[in-house]
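Asks: In our numbering, the protein residues as written are 156 to 976. The beta-carbon is built from N, C-alpha and C at its ideal position, and this holds for glycine as well. I have a structure here, written as structure tokens, and I will follow up with some questions on it.
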Amino acid sequence: MSNIQHMSLEDIMGERFGRYSKYIIQERALPDIRDGLKPVQRRILYSMNKDGNTHDKGYRKSAKSVGNIMGNFHPHGDSSIYEAMVRMSQDWKNREILVEMHGNNGSMDGDPPAAMRYTEARLSEVSSFLLNDIDKKTVPFAWNFDDTEKEPTVLPAAFPNLLVNGATGISAGYATDIPPHNLAEVIDAVVYLIDHPNATVDKLMAFLPGPDFPTGGIIQGADEIKKAYETGKGRVVVRSKTAIESLKGGKEQIVITEIPYEVNKAVLVKKIDDVRVNAKVPGIAEVRDESDRDGLRIAIELKKDADSQTILNYLLKYTDLQINYNFNMVAIDNFTPRQVGLAKILTSYIAHRREVIIARSRFDKEKAERRLHIVEGLIRVLSILDEVIALIRASDNKADAKENLKVSYDFTEEQAEAIVTLQLYRLTNTDIVTLEEEDKSLREQIATLSAIIGDEKTMYHLMKRELRDVKKKFASPRLSELQAEAQSIEIDTASLIAEEETYVSVTRAGYLKRTSPRSFSASTVEEIGKREDDELIFLAQAKTTQHLLVFTDLGNVIYRPVHELTDTKWKDIGEHLSQTVINFDQQEQVLYAEIVDQFDTTTYVATTQSGQIKRVERKEFTPWRTYKSKSVKFAKLKNDTDRVVSLSPVALDDIMVVTTNGYALRFNVEEVPVIGSKAAGVKAINLKDGDQVATSFVVTSSSMYLLTQRGSLKRMAVADIPTAKRAGRGLQVLRELKTKPHRVFAAGSVQSEATELDLFSTETSQQTEVLQVVDQAGTTYTINLAELGQSERTSNGSFISDTISEIGVARAGIVANQGQT
């Protein structure tokens with residue numbers, strides 16, 4: 156109980172997590188800068204090599220190798236060891252595979268490998284060059300997890316494996332993504348750096364211009380590659396290799412023969428097929444994966460007259476046919492994770508290889524010197540053979556013979572041992588020649604090894620020769636094509652949309668939809684699906700290539716391409732704006748909507764309750780990045796209770812502003828400046844205290860109507876309100892009453908001919924304008940405005956029914972009426 160320690164949770168967690176982080180950074184997820192291997196990979200190679208499971212022998216069950224690795228060196232799950240072994244055998248993941256495997260070792264489609272009891276594996280020939288000379292004290296060894304055996308902390312690595320096969324991994328606070336490279340190019344860069352230790356990245360890139368993925372593809376962006384080689388971080392574009400082939404009947408197909416590195420082929424084919432199914436781009440007839448043992452091939456068959464280049468551009472942009480590869484070259488350098496550039500990786504490799512070559516040379520020199528010492532003794536023995544034989548015969552035993560040789564002839568312990576164990580056949584006449592030749596050979600070898608150890612130039616010359624030998628044996632042509640510039644993908648969005656006729660409707664409460672002509676013509680306009688308290692304020696025939704702008708009373712504008720609107724039946728309610736627009740307020744109502752073809756300099760005039768007015772151009776509402784989820788402002792309100800009361804497109808017309816208390820002011824629209832969408836505007840009318848703007852409208856005819864909240868309606872001449880200056884008080888258009896005074900509910904120009912409001916009909920015959928009024932009890936009244944008589948400016952008009960004065964008006968609006976009323 157005396158061993159109990161009192162520590163805070165923060166200290167315990169910090170200390171434990173720190174140890175865990177150190178372990179997974181150094182001992183699991185990141186490769187060593189010298190041999191490019193993670194610990195599990197190094198243990199797999201060392202254990203298989205130790206067991207004789209090499210390229211020149213037969214394959215062995217993977218389960219046996221995994222068991223030996225797990226039991227001797229890697230105390231983790233067998234599945235993680237097997238997965239690492241399988242990955243080293245996959246030629247679409249590694250530029251040079253380190254393990255050869257018989258059986259199912261997975262696929263580019265993400266299929267899992269067969270269980271390790273079914274597969275067989277052995278080391279590849281190239282991996283033997285990572286392990287060469289490991290038994291010559293070339294690398295440091297450490298005890299394994301149970302102190303029963305020693306394992307290498309790094310491999311001798313006769314080629315720069317970190318760059319050749321790359322690496323990917325995630326640890327605590329660090330991640331690495333090093334792409335594979337071409338072995339021949341990497342070795343050329345190393346050889347150049349040995350001769351020019353201060354070489355620039357530009358010089359090195361003359362030999363190593365960029366990554367070389369095992370899956371091929373096109374790598375774009377030389378500047379980004381250079382940046383990555385300088386700093387360890389960069390981003391290049393990796394594009395599939397594609398071709399457009401002609402088919403019978405004037406049709407074409409896009410053929411993909413190489414895809415980006417680490418892209419799952421099956422997922423890619425599925426995504427391309429989803430584009431076809433969802434008709435995100437028109438013209439794709441069929442998507443087929445035609446890959447076989449001869450290579451990868453994906454065929455995208457197009458419909459007749461389809462734009463193959465537009466379809467290809469769309470697929471490059473919106474599928475993994477083209478990806479961004481992010482360099483993040485992090486490796487363990489001297490037990491520390493570092494972000495390293497090309498020169499640092501190659502310099503560290505050269506320094507490691509120097510140590511290996513010198514350590515190997517020392518080992519071989521010591522071995523040669525020991526053998527030379529023995530050979531010298533044997534040569535001397537042959538010259539005094541009879542005396543030595545007599546001495547040995549006179550000795551009591553082996554030990555006595557050795558001692559007599561040392562004393563009588565001054566032989567060393569090693570020489571005496573060799574003499575007494577000498578086999579009789581070695582005493583032939585020819586053996587002296589063999590020994591003398593061996594003596595000469597050993598002296599030359601020792602001289603060479605001494606030169607390697609003592610002279611840097613000789614050592615580096617040997618290093619270069621060994622690297623060139625590896626290159627000669629394993630060099631292969633480059634698979635990935637390099638392009639200096641990343642090509643921007645230009646897509647004409649209009650060409651992606653199949654042009655269709657449709658009907659677009661918007662309600663006051665914010666429900667919008669598009670309806671096929673078939674569904675629309677099967678119903679009447681009045682059968683539209685909507686809430687009982689809602690009203691249809693916009694209906695237009697449109698094309699799916701056009702655009703919808705929706706303006707609300709809170710000064711917001713919402714943009715929708717017509718093809719993105721929910722396609723529903725006419726009797727369905729449609730989609731509410733709040734489902735997608737996150738800043739759509741519960742109390743917000745639609746004020747105006749229109750279909751547009753382009754975002755030009757057409758101007759809108761907007762008026763608020765507080766008396767502000769502004770003009771704003773349509774180009775201000777060019778589709779913004781977040782249009783699907785956010786609206787943008789077209790008018791700035793004064794306070795929380797302020798509202799936009801009217802908005803409409805305008806030319807060089809007059810504007811009529813009418814207040815609730817019955818004041819009307821007419822002025823030319825040119826007095827209103829064109830300003831930005833977020834600006835507040837200028838004063839339209841000088842309001843009395845307690846008054847507010849009821850509406851404003853563009854003067855487009857010689858007469859106007861006025862409806863009060865009590866249901867009184869009149870028609871008057873626009874000339875009764877002469878054109879004045881903006882921001883004036885205006886003239887009274889209602890007579891003030893002491894009890895139950897009339898207040899303006901609605902006003903507007905009276906058209907005598909058909910207008911753009913005729914969009915409510917599919918016919919083109921003569922129409923008349925009708926005011927539709929709904930009272931608080933729900934009764935609907937329709938009045939043909941053209942048939943109303945003229946009233947005086949100060950008249951309060953006539954009630955549209957005997958009872959409406961007591962009930963009051965709920966809502967009112969202009970509709971187009973077919974024929975005469």
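Is it buried or exposed, P877, if we count other Cβ atoms within 10 angstroms and call 16 or more buried?
Replies: exposed
Asks: Am I right that P804 and T757 are in contact with their C-beta atoms under 8 angstroms? What's the rounded C-beta distance?
Replies: 6 angstroms
Asks: Leaving aside the five residues before and after E621 along the sequence, list all residues of the same chain whose C-beta is less than 7 angstroms from its C-beta, in chain order.
Replies: In the same chain as E621, and ignoring 5 residues on each side of it, the C-beta atoms closer than 7 angstroms to its own belong to A313, in chain order.
Asks: Going along the chain, which residues of its own chain have a beta-carbon closer than 8 angstroms to the beta-carbon of T863, five neighbours each way excluded?
Replies: Excluding residues within five positions, the ones whose Cβ falls inside 8 angstroms are L889, H897, R898, V899, F900, N951, G952, V964.
Asks: Span of the alpha helix (DSSP H) holding A573?
Replies: 568-575
Asks: Please determine if the region 794-809 and the region 719-727 are in contact, where contact requires at least 3 C-beta pairs separated by less than 8 angstroms.
Replies: no
Asks: Buried or exposed: P369, going by 16 or more other Cβ atoms within 10 Å of its Cβ?
Replies: Burial is judged here by how many other beta carbons sit within 10 angstroms of a residue's own beta carbon; P369 has at least 16 and is buried.
Asks: Does any C-beta atom of chain D lie closer than 8 angstroms to the C-beta of R821?
Replies: Given the protein chain composition of this structure (a single chain), no chain D is represented.
Asks: Using 8 angstroms as the threshold, is the C-beta distance between A514 and Q600 below it?
Replies: no
Asks: In chain order, which continuous runs of the alpha helix (DSSP H) of length 4 or greater are located wholly inside the region 162-215?
Replies: 164-179, 194-205
Asks: With a cut-off of 8 angstroms, do at least 3 Cβ pairs link the region 471-482 to the region 398-415?
Replies: yes
Asks: Just to check my reading of the structure: A874 and S851 have Cβ atoms closer than 8 angstroms, yes? What is that Cβ distance to the nearest angstrom?
Replies: Between S851 and A874 the Cβ distance is about 18 angstroms, and since that is not below 8 angstroms, they are no contact.
Asks: Going by beta carbon distance, what residues of the same chain come within less than 8 angstroms of V356, once the five residues before and after it are set aside?
Replies: K381, Y384, E385, G496, L497, A498
Asks: Could you tell me the alpha carbon to alpha carbon distance between A297 and L318, rounded to whole angstroms?
Replies: 26 angstroms
Asks: May I have a chain-ordered list of the beta strand (DSSP E) segments no shorter than 3 residues that lie completely inside the region 822-870?
Replies: Fully enclosed beta strand (DSSP E) runs of 3 or longer: 848-854, 858-863.
Asks: Considering only DSSP beta bridges, list what P492 is partnered with.
Replies: I487
Asks: Looking only at C-alpha atoms, which of S946, V929, I692 sits nearest to T958?
Replies: The residue with the shortest Cα to Cα distance from T958 is V929.
Asks: So, is T679 buried or exposed, given that buried needs 16 or more other C-beta atoms within 10 angstroms?
Replies: exposed
Asks: Per DSSP, what kind of secondary structure is L310 in: helix, strand or coil?
Replies: coil
Asks: Residues in its own chain within less than 6 angstroms of R443 by CB, not counting five upstream and five downstream?
Replies: A454
Asks: Contact between the region 399-411 and the region 461-476 is defined here as three or more beta-carbon pairs at a separation below 8 angstroms; is this criterion met?
Replies: yes
Asks: Considering only DSSP beta bridges, list what Q477 is partnered with.
Replies: Paired residues: R394.
Asks: Looking only at its own chain, which residues have a Cβ that is under 6 angstroms from the Cβ of F954, when we skip the five neighbours before and after it?
Replies: G866, S867, S960
Asks: Using 8 angstroms as the cut-off, can you tell me whether the region 787-795 makes contact with the region 759-772, which would need three or more C-beta pairs spanning the two stretches below that distance?
Replies: yes
Asks: What runs of the beta strand (DSSP E), each 3 residues or longer, lie entirely inside the region 343-415?
Replies: Listed in chain order, the complete beta strand (DSSP E) runs (minimum 3 residues) inside the region 343-415 are 373-375, 388-394, 396-401, 407-413.
Asks: List the endpoints of the continuous alpha helix (DSSP H) containing N530.
Replies: Strictly speaking, residue 530 in this sequence is Val, with Asn absent from that position. 497-538 is the span of the alpha helix (DSSP H), which, as asked, contains V530.
Asks: Taking the alpha carbon of F776 as the point to measure from, which residue in R715, K248, A806 has its own alpha carbon closest?
Replies: R715
Asks: Exposed or buried, what is S401 when buried is set at 16 or more other beta-carbons lying within 10 Å of its beta-carbon?
Replies: exposed
Asks: Assign M168 to buried or exposed, taking buried as 16 or more other Cβ atoms, counted over all protein chains shown, within 10 Å of its Cβ.
Replies: exposed
Asks: Quick check on D428: does DSSP put it in helix, strand or coil?
Replies: helix
Asks: Would K420 be called buried (16 or more neighbouring beta carbons within 10 Å of its own) or exposed?
Replies: buried
Asks: Have a look at K668, I505, M871, R198 and flag the residue whose alpha-carbon is nearest the alpha-carbon of E947.
Replies: M871
Asks: Give the DSSP-derived three-state secondary structure of S784 in the structure shown.
Replies: coil
Asks: Quick check on this structure: which residue in D689, D722, I607, K628 has the alpha carbon closest to the alpha carbon of G933?
Replies: D689
Asks: How many Å lie between L912 and V970 at the Cα?
Replies: In this predicted model, L912 has a pLDDT of only 39, less than 50, meaning its place in the structure is not dependable enough to derive any value.
Asks: Considering only their Cβ atoms, is the gap separating V905 from L940 smaller than 8 angstroms?
Replies: yes
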